[in-house]
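Using our numbering, the letters of the sequence shown map in sequence onto residues 9 to 234.
Quick notes on the structure that follows.
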Amino acid sequence: MGAQGGAAVSMSVYIANPVSVSPNNKFQVGIFADNNGVPGALVAASAAQAIAGDNWNVTPINAQLQANATYWLGYNTNGTSSTNNNVAYSSGSVGQTYWMSSTFGSFPSAFSSSSGSSSATQMSIFVSFIPSGVVTPPAAGSASLSWTPPITNTDGSQLLDLSSYRISYGTSSGAYTSSADVTNASAVSHIISNLPTGKTYFFAIQAINSSGVASEYSLEDSKFIP
């Protein structure tokens, strides 16, 4: 977490095919507190729901998260095989991901590090978060943009290493003279501030992977700043 606490309202996880047939096609997610660098006590868990294979699966969750604290995101499934119902992943760092055996249907009250193992993987899972406190609407001279996270590369393969976004903008369509980097890969919105008034601005977004490779520009949007 950053310097501001708030409420977790949903979690998203990319689950790859193959998916087991019903009733073994369910998943649930949870949030664990940190315990000296490993998952600790359970903070919140979602209800179980059916999996949509090769897709982002979004489920509601309700948790109050503290500022300047570390949390772990958990995933559980009732697949009939170790090759089914798996979260998409890419290479990561040792200790970045932990796993343990758990009965499906409810997460344990605490993650037992003694029964879990770490692996060098980076999972496609994130939490959507609303900061606490008063939310101030964008001021005059500002533009609020939102987007849907990409899930595939240009060749159709799964996008597993999304790193950041770049918003490019200017006062002529297709000619962008300024940009703003959004370094949080989980972000789905951003506010561009301090725009001189009396002009129309054109905006386009690029997704950037961990190697620094940027996507093509998104469809362009525009806003007049009165």
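Every residue gets a Cβ at the ideal spot worked out from N, C-alpha and C, and that includes glycine.
Note that this is a predicted model, so its numbers are computed, not measured.
Using CA coordinates, which residue listed in the options is at the minimum distance from residue i?
i    : options                  : result
G113 : D189, R174, S223 and N84 : N84
S150 : I200, T105 and T88       : I200
F115 : S89, S99, F40 and D169   : F40
G103 : Q57, S127, D62 and D169  : S127
G82  : A75, F134, A193 and D163 : F134
L167 : P139, N44 and A193       : A193
S186 : N161, I213, S54 and I138 : I213
N86  : N202, S28 and L153       : S28
E228 : A183, G45 and I59        : A183
G38  : N44, W64, S117 and T88   : S117
F137 : S218, S197 and N63       : S197
V46  : N32, S125 and A58        : S125
G100 : S20, A195, L203 and T129 : T129
A60  : N44, A188, S30 and T208  : S30
S154 : A75, S230, Q36 and N44   : S230
From which residue to which residue does the beta strand (DSSP E) around residue i run?
i    : result
P178 : Position check: residue 178 holds Gly in this sequence, whereas Pro was assumed. L170 to G178 is the extent of the beta strand (DSSP E) around G178.
A50  : Reading off the sequence shown, one finds Leu at residue 50, where the question assumed Ala. V46 to A53 is the extent of the beta strand (DSSP E) around L50.
A16  : G14 to I23
S99  : Y97 to S99
A188 : S186 to V190
N3   : One cannot answer for residue 3 here, as it falls past the ends of the chain, which runs 9 to 234.
F119 : Neither: F119 is in no beta strand (DSSP E) and is coded neither H nor E.
N32  : Unbroken run through N32: none, as it is neither H nor E.
G82  : Y79 to T85
P237 : Outside the displayed range of the chain (9 to 234) lies residue 237, so it cannot be described from this structure.
N93  : That residue, N93, is in no beta strand (DSSP E); it is neither H nor E in DSSP.
S150 : That residue, S150, is in no beta strand (DSSP E); it is neither H nor E in DSSP.
P26  : It is not in any beta strand (DSSP E) - P26 carries neither H nor E in the DSSP assignment.
V135 : I133 to P139
Below 6 Å CB to CB, which residues in the same chain sit around residue i once its five sequence neighbours on both sides are set aside?
i    : result
T191 : S172
N94  : A24
Can you list, in chain order, the residues of its chain whose CB lies under 8 Å from that of residue i, leaving out five sequence neighbours each side?
i    : result
D42  : G48, A77, T78, Y79 and W80
S180 : F210
T91  : P26
T162 : S223 and E224
D169 : S98, Q130, N217, S218 and S219
Residue i: buried (16+ other C-beta within 10 angstroms of its C-beta) or exposed?
i    : result
K34  : buried
V51  : buried
G206 : exposed
F119 : buried
T88  : exposed
N65  : buried
A215 : buried
Apart from the five residues on each side of it in sequence, which residues of its chain come closer than 7 Å, Cβ to Cβ, to residue i?
i    : result
P139 : Q12 and G14
Checklist entry - Hey, is the stretch 206–224 in contact with the stretch 170–189, meaning 3+ C-beta pairs nearer than 8 Å? => result Contact between the stretch 206–224 and the stretch 170–189 is present: three or more C-beta pairs spanning the two stretches fall below 8 Å.
Checklist entry - Is the stretch 14–31 in contact with the stretch 69–76, if contact means three or more CB pairs nearer than 8 Å? => result Counting C-beta pairs with one atom in each stretch, the stretch 14–31 and the stretch 69–76 have three or more that are closer than 8 Å, which means they touch.
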